[in-house]
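Each position in the sequence shown, counted from 1, maps to that position plus 1 in our numbering.
In what follows, a structure is listed as structure tokens, so that the remarks can point back to it.
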Amino acid sequence: MTSKITLYSESELIKEIKVYAKKHNTSVSKIVNTFFKNLLHTQPPSQKKSKITDSLIGIIKSKSLDEGDYKNYLADKYL
């Protein structure tokens, strides 16, 4: 089932999106629907996880490391 919504935007932007839609053989409605679906069904980058990052979480929990340790590591590696 579809419903109608009214969107307000700058007239120049509306002209440009209509040209874009015609050039790509689609409609403004399809473009807007795709945008909304992607917006609602995509996790923000900060919440995206992968199997690799999941496997690394907590791996050095028992280690007592601080910023100084990290700086020393980088100095040894690059200097």
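Yeah, the Cβ is synthetic: ideal placement off N, Cα and C, and Gly gets one too.
Just so it is clear, the structure is predicted and the values come from calculations on it, not from any experiment.
If you run the structure through DSSP and keep just helix, strand and coil, what is Y9? coil
Collapsed DSSP secondary structure at H25 in the structure displayed: coil
Could you have a look at T35 and say whether DSSP puts it in helix, strand or coil? helix
Which of helix, strand or coil DSSP assigns to D55: helix
Between which two residues does the alpha helix (DSSP H) containing L75 stretch? E68 to Y79
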